[in-house]
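Enquirer:
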Amino acid sequence: MPVIESRLVVPVSPEVAFAVSQTTGEIRMRWDTFIRRQHLLDGATTPAKGVRTFTEQRFGLRMISEYVSYNPPSNVGMRMTKGSWFFERLAGGWRFSAVDGDPGSTLAIWRYNFTCRPRLIAPIAERIGAVLLQRDIDRRLRGFARGCADPVVLAHVGA
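Just so it is clear: in the sequence shown, position 21 is 401 by our numbering, and no numbers are missing.
Right under this line is the structure:
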């Protein structure tokens with residue numbers, strides 16, 4: 381099972397970093413380069429453990445995911461419950477921790493794991509997928525860093 385990880389220090393507290401990571405709608409679109417559309421499902425108005433989310437990736441791939449953990453301001457986790465035919469499993473977790481000696485900065489670590497199907501081509505698909513997903517997650521985390529410096533995003537989360 382490939383594991384992809386990206387990390388970056390952002391110039392805000394863990395509370396603000398976590399809040400930025402959970403923005404939705406127009407505010408989310410200001411920083412999240414991965415998504416074309418995203419919204420909570422089943423009448424949910426705020427993220428929480430057990431809440432499901434619809435996401436359409438920028439190339440049109442769609443998935444429904446579920447929060448498996450939601451622990452502000454330190455971490456959040458999700459797993460795909462329905463998605464593209466080639467993913468057997470996809471899950472991810474985002475962690476936010478204060479940087480030692482710099483309480484105004486946060487180390488953001490985003491980690492994903494996945495398996496592909498069909499099993500016959502999974503070894504090759506997973507190697508290719510790891511390269512592509514790493515590139516997307518690195519790009520997405522750089523966008524997140526821009527969001528943590530965007531005055532509009534920061535005003536929205538009350539920073």
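Using N, Cα and C, we set each Cβ at its ideal position, and we do this for glycine too.
Under 8 Å Cβ to Cβ from ASP422, same chain only, skipping five residues before and after it: list those, please.
Expert: Position 42 of the sequence shown, counted from the first residue, corresponds to residue 422. Apart from sequence neighbours up to five positions away, the residues of its chain that approach ASP422 with a beta-carbon distance below 8 Å are VAL431 and ARG432, ordered along the chain.
Enquirer: Could you tell me the boundaries of the alpha helix (DSSP H) in which ASP516 lies?
Expert: Against the sequence shown, residue 516 aligns to sequence position 136. Unbroken alpha helix (DSSP H) run through ASP516: 502-527.
Enquirer: If you drop the 5 nearest sequence neighbours on each side, which residues of the same chain put their C-beta closer than 6 Å to that of GLY463?
Expert: Indexing the sequence shown from 1 puts residue 463 at position 83. Contacts found: MET443.
Enquirer: By alpha-carbon positions, which one of ALA502, ASP412, PHE467 and THR435 ends up nearest to VAL533?
Expert: For the purposes of this step, residue 533 is taken as the residue at position 153 of the sequence shown. Considering only alpha carbons, the answer is ASP412.
Enquirer: Taking the alpha carbon of ASP482 as the point to measure from, which residue in VAL392, VAL383, ILE384 and LEU388 has its own alpha carbon closest?
Expert: The residue given as residue 482 occupies position 102 in the sequence shown. Ranking VAL392, VAL383, ILE384 and LEU388 by CA distance to the CA of ASP482 puts VAL392 first.
Enquirer: Would you give the residue range spanned by the alpha helix (DSSP H) that ARG410 belongs to?
Expert: The residue you call residue 410 lines up with position 30 of the sequence shown. Its alpha helix (DSSP H) spans residues 405-411.
Enquirer: To the nearest angstrom, how far is it from the Cα of THR435 to the Cα of ASP480?
Expert: Within the sequence shown, residue 435 is the residue found at index 55, counting from 1. Within the sequence shown, residue 480 is the residue found at index 100, counting from 1. If I take the Cα positions, the gap works out to 34 Å.
Enquirer: Please go through the same chain and pick out, in chain order, the residues whose beta-carbon is closer than 7 Å to the beta-carbon of ASP516, but skip the five residues on each side of it.
Expert: Locating residue 516 in the sequence shown gives position 136, counting from the first residue. For ASP516, where only same-chain residues beyond five positions count, the Cβ hits under 7 Å are PHE414.
Enquirer: Taking Cβ positions, are SER445 and MET460 nearer each other than 8 Å?
Expert: For the purposes of this step, residue 445 is taken as the residue at position 65 of the sequence shown. For the purposes of this step, residue 460 is taken as the residue at position 80 of the sequence shown. Going by C-beta atoms, SER445 is nearer than 8 Å to MET460.
Enquirer: Classify GLY472: buried if its beta carbon has 16 or more other beta carbons within 10 angstroms, exposed otherwise.
Expert: Position 92 of the sequence shown, counted from the first residue, corresponds to residue 472. With 16 or more other Cβ atoms within 10 Å, it is buried.
Enquirer: Return the Cβ separation of PHE494 and LEU512 in integer angstroms, given the expectation that the two are a contact with Cβ distance under 8 Å.
Expert: If you number the sequence shown from 1, residue 494 lands on position 114. If you number the sequence shown from 1, residue 512 lands on position 132. The beta-carbon distance between PHE494 and LEU512, rounded to whole angstroms, is 11 Å. This is too long to meet the 8 Å contact definition.
Enquirer: Might you give, ordered along the chain, the residues of its own chain that have their beta carbon closer than 8 Å to the beta carbon of LEU521, omitting 5 neighbours on each side?
Expert: Within the sequence shown, the letter at position 141 stands for residue 521. Contacts found: SER386, ARG387, LEU388, ALA488 and TRP490.
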